[in-house]
Structure formats: structure tokens, C-alpha cells
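S.K.: Residue numbers (our numbering): 15 to 210. For every residue, glycine included, the Cβ atom is placed at its ideal position computed from N, Cα and C. So that we are looking at the same thing, I have put the structure below in C-alpha cells.
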């Protein structure tokens, strides 16, 4: 009977990379073990020098593409007038629990806080409104203002005022709560997405 383990140990040529019956690599692979990291290091260094370009070459096309920006939500809405409900539906409204909205800050275009959400209500006309504490000084002297859900968008853990300028908040009447139903924290509503 032939001993195959001896056959595997015999070199097949100048650089053999076969293993023995116990899975031990021979010298050819042992030598290659040190060559692979060296080749990888050289490739990284060569790639790094090729990828680096001096600031004078900033007109390269890949830089132009990387600097393309999407305008913030609501920036171009004045150019394309449409009803608020249609505008909200184009902003990919997402389900959210009412309890998650309570206490969130409402920000304007300059990322200044307009107020914080105190309640979410449903009007007799079946419209959703956010009741926001507007104005005041560190929360003192603020008055409640009703903000239609269609004019705001959620962006992480804050809300953005998209279609209601600061002047409308100042001119809005103080919310009295007449005939409005306050929604409980476990009710799920839909709110538009925003990006700044």
C-alpha cells in the first residue's frame, strides 16, 4: 500500500505550497506569509499618494459631485404653490406617537427655537394641530399657539417650521382650546419629514 502522506510532503517543484497530512504548510507558504503584508503596505502607500491631490486640483469632477447639496425642506415651496395638505403628503409623512412629540422643540429656518410642543389636538374640522408654547423668557410668559400639522416636519428629536414664518407665530391668536380634543400619548399620527 502506498503512503500518501509521504507523497504530499514531497515538493512538486521549486515553490511548493501543499500541506502535510496534519495540515502543516510547507516553506513556500511560510515565505509568502511575509510577502503579502509587505505587498499590501506598498499598495496602500501607492494608492494613498495617487488619491491625494493638491488643493489646486479642486476643479476635478469628483469634487464637484461631492459638493452637490439638496436644498432644505420648504426652501423652494414658494416657487411651486400648492395646498398645504398636498405639500405635506410630498414630504413622506411618517407615523409617530403623540407622546414622542410632547416636549420637542420647534425650530425656525435659522435653527432658533420658536417654542416647545405641549399638546396635540384634533379640531372639530378633523384637523390636527400642535399646541406650542411660543415666546416668553426661558419658558415664563409664553403663550399657547395652535400650529397646523401640515406646516411642520420632524427631523430627529426636533421639529422644523417649514411653511409658517416667524411673523405668523407672533400674529397667531392665543389658543383657548374651544371644542378641540386633546389626543392621548399612545395615539399614532402622521408627520412630514424635514431636512435642514
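In or out: residue 143 buried (at least 16 other Cβ within 10 Å) or exposed?
M.R.: buried
S.K.: Where does residue 166 fall in DSSP's three states?
M.R.: strand
S.K.: Excluding the 5 residues flanking residue 129 on each side, which residues of the same chain have their C-beta closer than 6 Å to its C-beta?
M.R.: 120, 146, 147, 148
S.K.: Report the rounded CA-to-CA distance for residue 247 versus residue 58, giving the unit in angstroms.
M.R.: Examination of residue 247 is not possible in this model, given that the chain is present from 15 through 210 alone.
S.K.: If you measure from the CB of residue 50, is any heavy atom of the ligand MG nearer than 8 Å?
M.R.: The ligand content of the structure shown is nil, which means the ligand MG is not present either.
S.K.: Please state if the CB of residue 175 and the CB of residue 123 are separated by a distance shorter than 9 Å.
M.R.: yes
S.K.: Considering residue 129, what are the terminal residues of the alpha helix (DSSP H) in which it resides?
M.R.: For residue 129, there is no enclosing alpha helix (DSSP H); the enclosing beta strand (DSSP E) has its first and last residue at 127 to 136.
S.K.: Looking only at DSSP bridge pairs, what is residue 148 linked to?
M.R.: According to DSSP, which records beta bridges pairwise, residue 148 is partnered with 129, 157.
S.K.: On the DSSP bridge assignment, give the partners of residue 104 in chain order.
M.R.: Answer is none; residue 104 lacks a bridge partner.
S.K.: Which residue wins for smallest C-alpha separation from residue 199, given the options 108, 97, 134?
M.R.: 134
S.K.: Thinking just about the alpha-carbon of each residue, which of 208, 189, 51, 195 is nearest to the one in residue 141?
M.R.: 195
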